[in-house]
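Inspection log for the structure reproduced underneath, given as C-alpha cells.
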Amino acid sequence: MKATGIVRRIDDLGRVVVPKEIRRTLRIREGDPLEIFTDKNGEIILKKYSPIGELGVFAQQYADATAQILGCAVCVCDRDQIVAVAGAPKKELLGKSLHKELEEAINDRESILARKGEKKFIKITGTGDNEYAGQIVQTIICEGDAIGAVVLLGKEGEKPVGEVEQKAAVIAANFLAKQMEG
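When we follow the numbering used here, the leftmost residue of the sequence shown carries the number 38, and every step to the right adds one.
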C-alpha cells in the first residue's frame with residue numbers, strides 16, 4: 038500500500054471525503070460504486086467496484102466462444118478497463134485502461150460500426166488497437182446503467198466486421214447485462 042500523506046476526518050454521519058487528486062488519478066467519478074474491504078490489521082481498503090469484473094471468468098468464456106465463431110478479436114470491458122480478450126494478443130489489450138473516446142461512447146450508450154478512417158472510428162485503449170481496420174462497440178446496459186461494452190475488432194486483410202458481427206455484439210451485450218441482473 039502506498040501512503041498519500043493526506044489525512045481526512047470522519048464527519049458526524051460517518052463519511053470520509055476521497056480527495057479530488059486521488060479520484061482523478063484513479064478515475065473515480067461521482068456515483069461510482071466502491072467496495073469496502075477490511076483486513077486483520079484494522080485497515081480499510083476502498084476499491085472501485087466493477088460489475089463486469091464480477092463476471093470476469095464468464096465474460097472471458099463468452100469472448101472466447103464469440104471470437105472463435107466470428108473470427109475477429111472480441112473484448113469485454115467495464116467503464117475503466119478491458120476485462121476479457123479473445124482472438125487478439127491478451128497482453129496487448131487485457132487490463133488496459135480505456136481511451137477517453139471509448140469511455141464517452143459507453144457513457145453516451147452508443148452503438149458503433151466503423152472502419153478505420155471514418156469519423157466515428159474511435160480509439161479503444163490509445164495503444165495497441167491502431168492496427169485494426171474495423172470496429173464494433175456495443176454498450177452493455179444493466180438496469181438502466183451503462184456498465185461497459187462489447188468491442189469487436191477486425192484486422193486489415195481479414196473479413197471486415199459488418200452487420201452480422203454487430204448483431205452478435207448486441208446479443209453478447211444483452212446476454213451479459215441479463216447475467217448481471219440475474
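The C-beta atom is built at its ideal place from N, Cα and C for all residues, glycine as well.
The structure presented is a predicted model; accordingly, all values stated were derived computationally and were not measured.
Bounds of the alpha helix (DSSP H) holding E218 are 200 to 218.
Residue burial is scored here from C-beta neighbours: Q98 has fewer than 16 other C-beta atoms within 10 angstroms and is therefore classed as exposed. For A110, the uninterrupted beta strand (DSSP E) run begins and ends at 110 to 114, by DSSP. Under the DSSP assignment, I59 falls in the alpha helix (DSSP H) whose first and last residues are 57 to 62. Short of 6 Å from the beta carbon of A210, and not among the five residues preceding or following it, lie these beta carbons of its own chain, in chain order: Q175, I177, V187. Within the same chain, R45, I47 come within 7 Å of V53 by CB-CB distance, once the 5 residues on both sides are set aside. In the DSSP annotation of this structure, the continuous segment of the beta strand (DSSP E) that includes I184 starts and ends at 182 to 192. Judged by DSSP secondary structure, I81 falls within the beta strand (DSSP E) whose first and last residues are 81 to 85. CA-CA distance, I73 to I81, rounds to 7 Å.
Within the same chain, Cβ atoms closer than 8 Å to the Cβ of I65 are found at V55, I59, L71, K85, the five residues on either side in sequence being excluded. The three-state secondary structure of F158, taken from DSSP, is coil.
Counting the other CB atoms within 10 Å of its CB gives K133 a total of 16 or more, which places it among the buried residues. Q105 and N78 have their C-alpha atoms spaced approximately 46 Å apart.
Comparing C-alpha distances from I161 to each of L150, G108, E138 shows the shortest one belongs to E138. Residues L107, I173, L189 of the same chain have their beta carbon placed closer than 6 Å to that of E202, with the five preceding and five following residues left out of the count. Taken atom to atom, the span from the alpha-carbon of G124 to that of A170 is near 15 Å.
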